[in-house]
Structure formats: structure tokens, C-alpha cells
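The block underneath contains the structure these notes are about, expressed in C-alpha cells.
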Amino acid sequence: AATLRLAAATRGKFIGFAAATNLLTNDASYRSIAQTEFNQVTAENAMKWDATEPNDNQYSFAGADQVVAFAQANSQVVHGHTLVWHSQTPGWVQGLSATAMRTAMQDHIATVVGRYASNPAVQSWDVVNEIFNEDGTRRASFWQNTLGDSYVADAFRYARAADPDARLCINDYNVEGIGAKSNAMYNLVQSLRAQNVPVDCVGFQGHLGTQYGFPSQVQQNMQRFADLGVQVRVTELDVRSVLPMDATKTQTQITYYTNVVNACIAVTACAGITIWGIDDGHSWVPSTFSGQGAALLWDASYNRKSVYDAVNAAL
Ligand code: XIL
1 AATLRLAAAT
11 RGKFIGFAAA
21 TNLLTNDASY
31 RSIAQTEFNQ
41 VTAENAMKWD
51 ATEPNDNQYS
61 FAGADQVVAF
71 AQANSQVVHG
81 HTLVWHSQTP
91 GWVQGLSATA
101 MRTAMQDHIA
111 TVVGRYASNP
121 AVQSWDVVNE
131 IFNEDGTRRA
141 SFWQNTLGDS
151 YVADAFRYAR
161 AADPDARLCI
171 NDYNVEGIGA
181 KSNAMYNLVQ
191 SLRAQNVPVD
201 CVGFQGHLGT
211 QYGFPSQVQQ
221 NMQRFADLGV
231 QVRVTELDVR
241 SVLPMDATKT
251 QTQITYYTNV
261 VNACIAVTAC
271 AGITIWGIDD
281 GHSWVPSTFS
291 GQGAALLWDA
301 SYNRKSVYDA
311 VNAAL
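The opening position of the sequence shown corresponds to residue 1 in mature numbering (1 follows the signal peptide of the UniProt record, and there is no 0), with each subsequent residue numbered one higher.
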């Protein structure tokens, strides 16, 4: 198709990108691709706690509002990311007592979700993010250490109260295939729903790398969550490589992106795919994984890469 969003629309799926607020404003090439190629937006950082409530009860929505306004102007939907996470959360939250921390969480969720509850573009939220260790035990975050297991159910209940119509997701990485971590996610979602905790959706981040094998049984994994009655989505897809790129890595990257697209298309409950950025020049990968990069569909000069064509064709 002429664009990714046209291709995705024929499948009834969304295709989205993680938006860097400053680039939407300052970079016309970035903005043009964002407008034409995608029909869904996730704020890469602007809706996180450190951005929206840097100090107790001092909210700041400039970046978040800008992402939402951009999406509305371009007929795109917004996935809110993220409410309760161990990272990018201010120190003032981390040091609270249990009672005060639970109150802060409730206030934060009520205020952030509440701000967009009547906005039809903002349809879903990552309520909790990255709560598991690789072996499926709970991550020993300040949330877990202060509040215990119950903070997850509480966060979902607060989010439902703030917006009864929003789709509420639990999100993590290395849960794309079947394994200890995704089994723990599966068991938790099943048990929360059995207790009427409002979990509507499971997000698979999809931060993959060509130096690793492709996750096992991605389609089957998506389907088993779908069979619990939740929507599934790929929330942060990118496929990085140890630089420099070569023909083999490029082909592996094409295969991994294509496999993810095919799995989402094969699973009716998979709503769509968000790619974690637009171009290799503004990806989180090089600054997070030393010596790695080239994870996205456009190069640093905004040229479409061969992997763009593969994703477009697979959609
Ligand atoms: C990353 C952003 O891309 C970076 O700009 C930021 O410095 C750190 O966070 N999992 C998530 C995302 O849920 O929020 C992270 O985004 C990448 C890993």
C-alpha cells in the first residue's frame, strides 16, 4: 500500500509509533512521516510519571497534551504510556510510606487518566509496566517492596474508576513468546480477571534483536491471552542489531518484523502494532544498548529501509 496506515486499515489493525514531542514540533521530515504513515501514537516519554507529576500534586501536561493534539489533528488514536512503572518515576514517590504511596498512585492515576477520559482519541493505557523478572517472579521495585502484590490490582481499579471506557493494559518485554515470564503474565491476568480486576489488554513490548533468536510461538502466545478474553497488542516493536549492519542482519531483521506482523494479523484479538520510533537517528537503542542500533524502518536521513517495504507488504 502507499502507506503503512493504509495497509493496516485494510487488516482492521492499527499501526503506530512512539512519538518524541520535540521532534513533532521541530522536525518537519519526522512530522510528515508521523502524519502519513501511522494511525496510532504512543508518547515515548511525555506521559510518564516524571513528565506528568514531577513534584507531589504538581502536574504538567504540556508534552502529553501536545501528543494528544497531534494525534487528533491526524485522525490517530493514542495509547497512554505509562501509569505505574519502576523507571522514570520521581524520587519523591519512591520514598513514600505504604499508605502515602498508595494515595499518590491513586491520585496520579485519577488525574492523568481523568484528564483524557472524555477525549475520544485516548482509548487505552498501560496501567502497570514491567512488573516481572525474567523468571516470572515479581520485580523487586519500590512499588512491590512497599505495597506488595496488591498494587497491581489497585492500579487497575483506580484506572477503571478514572475512565470506565478506557482499555486497560498490562505491558512487559520478553513476553512475546512462550516462556517463564509470559507464563507468569498469563497466570496473573487469569487470576486478576477471576477476581474481577479490570485488565482488558496485554501489551507485548517487542524489543527484539537480531543477535537473539526470534521468540518461540509468538502467535500461540498471543492466542492463549486472547482466549482469556483480553485484547493483545504489540506496544514497542523494534529490532536492533550489533553494528555495523550487514546483509545477514538485515535479512534477520526483516524476518523478525515480518513474523511479528504476521502473528498479529493471524490473531483476531491483536489490535495492532506500535513501533518504538520512526528513524534510526532518534531511536532509544544506541544510547541504551552500547554499540547497537539500526532498529527502525527509516534510516537517520529518513530514507525508507528495505525493512519498511517488508512491513508494508506484510500488513
Ligand atoms: C524509553 C524511551 O524510548 C527513552 O527515550 C527513555 O530515555 C527511556 O525509556 N520500555 C518502555 C519504554 O516501556 O517506556 C521505554 O522507553 C523503553 C523500554
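Beta carbons are placed, not taken as given, at the ideal position from N, Cα and C, and that holds for glycine. None of the values given here were measured: they were computed from a predicted structure.
Quick one: what's residue i bridged to in DSSP?
i    : result
D270 : Reading the sequence as shown, one finds Cys at residue 270 and not Asp. Answer is V232.
W298 : D279 and R304
Q58  : N55
F204 : D172 and V234
N129 : N171
R240 : G209
G177 : Answer is none; G177 lacks a bridge partner.
V122 : V78
G293 : S241
R138 : F132
So is residue i buried or exposed if we call it buried at 16+ other beta carbons inside 10 Å?
i           : result
residue 316 : Absent from the model: residue 316. The displayed extent of the chain is 1 to 315, so no value can be given.
G91         : exposed
N171        : buried
Y30         : buried
P215        : buried
N129        : buried
S290        : exposed
Q195        : exposed
G206        : buried
A20         : buried
Y212        : exposed
A98         : exposed
D227        : exposed
A247        : exposed
Q58         : exposed
T10         : exposed
N187        : exposed
A34         : buried
N26         : exposed
T288        : exposed
D238        : buried
What residues in its chain sit with their C-beta under 6 Å from that of residue i, if we drop five residues either side in the sequence?
i    : result
G277 : A18, S283 and L296
T210 : S241, K249, T252 and Q253
T258 : A310 and A314
H86  : S141
A2   : none
C270 : M222, V232 and C264
H79  : T42 and S124
F70  : L24
M47  : A64, G80 and H81
G114 : A162
M245 : A294
Y116 : V122
L208 : V239 and Y256
In chain order, what residues of the same chain have a beta carbon less than 7 Å from the beta carbon of residue i, not counting five sequence neighbours either side?
i    : result
P54  : S60 and P90
R138 : I131, F132, Q144 and D149
S182 : V175 and N221
G136 : A180, K181, N183 and A184
V197 : A153, F156 and R157
For residue i, I'd like the list of residues in its chain whose CB is within less than 8 Å of its CB, leaving aside the five on either flank, ordered along the chain.
i    : result
G272 : A8, K13, F14, I15, G16, Q40, R233, V234 and C264
A161 : A110
T36  : T3 and R5
N45  : A20, T21, A51, G63 and Q88
V189 : I170, V199, V202, F225, L228 and V230
L192 : V152, A153, F156 and V199
Given 8 Å, three or more beta-carbon pairs between the segment 166 to 179 and the segment 221 to 239: yes
May I ask you to verify whether the segment 63 to 72 touches the segment 99 to 108, counting CB pairs closer than 8 Å and requiring at least 3? no
Any contact of the segment 195 to 207 with the segment 116 to 123, i.e. 3+ C-beta pairs under 8 Å? no
Sequence ranges, beta strand (DSSP E) only - wholly within the segment 72 to 117, length at least 3: 77 to 80
Just list the alpha helix (DSSP H) runs in the segment 10 to 46, keeping only unbroken ones of 4 residues or longer that don't cross its boundaries, in chain order. 21 to 26 and 28 to 37
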